[in-house]
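Before any comments, here is the structure.
Residue numbers (this note's numbering): 2 to 114.
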C-alpha cells in the first residue's frame, strides 16, 4: 500500500476544461488548450488530491501554460517522487517544453515525445 492509496478516489472531470483527471491506474492527467489559473480553478475541488496520484501527463494539446499549470505539474512530480516513481510527460507541446526549460524543471519528468 502506498501513500497514494490513502487518498480519496478522484472522479473524472466532465467540464471539458483544460485540466482533466482520469481516475484510472495510473492516474492520467490530460492538459489541453490554455492551462492557466482559470483552467485549474475550473478543474474542480478534487484536483489537488488527484495530482498526488498522477503518473502520466498528456500535454500534447497545450497552447499556453502559466505558473498555475506549472504548479500542477510540479505537485504531481513531487508526490510521485515521494512514492518512488517519476511522472511520464507525454508529447509535451512547445509551450510546455519552454516553461519547463525556463524554470529548469525538465529533469523532474521522464519526457516521451
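Note that beta-carbon positions come from the ideal geometry of N, C-alpha and C, so glycine has one too. Given the structure is predicted, the values throughout are model-derived calculations rather than measurements.
For residue i, tell me which candidate among the options has the shortest Cα-Cα distance.
{"i": "residue 55", "options": "21, 62, 41 and 30", "result": "30"}
{"i": "residue 42", "options": "20, 111 and 60", "result": "20"}
{"i": "residue 66", "options": "90, 83, 32 and 81", "result": "32"}
{"i": "residue 28", "options": "44, 59 and 45", "result": "59"}
Would residue i count as contacting chain D if we go by Cβ distances under 9 Å?
{"i": "residue 103", "result": "The structure shown contains no chain D; it holds only a single protein chain."}
Look at the alpha carbon of residue i and the alpha carbon of residue j, and state the distance between them as a whole number of angstroms.
{"i": "residue 57", "j": "residue 64", "result": "19 Å"}
{"i": "residue 39", "j": "residue 68", "result": "12 Å"}
{"i": "residue 74", "j": "residue 99", "result": "14 Å"}
{"i": "residue 97", "j": "residue 34", "result": "11 Å"}
I'd like to confirm the pairing. Which residues does DSSP put opposite residue i in its beta bridges?
{"i": "residue 110", "result": "88"}
Once DSSP output is grouped into helix, strand and coil, what is the label at residue i?
{"i": "residue 104", "result": "coil"}
{"i": "residue 61", "result": "strand"}
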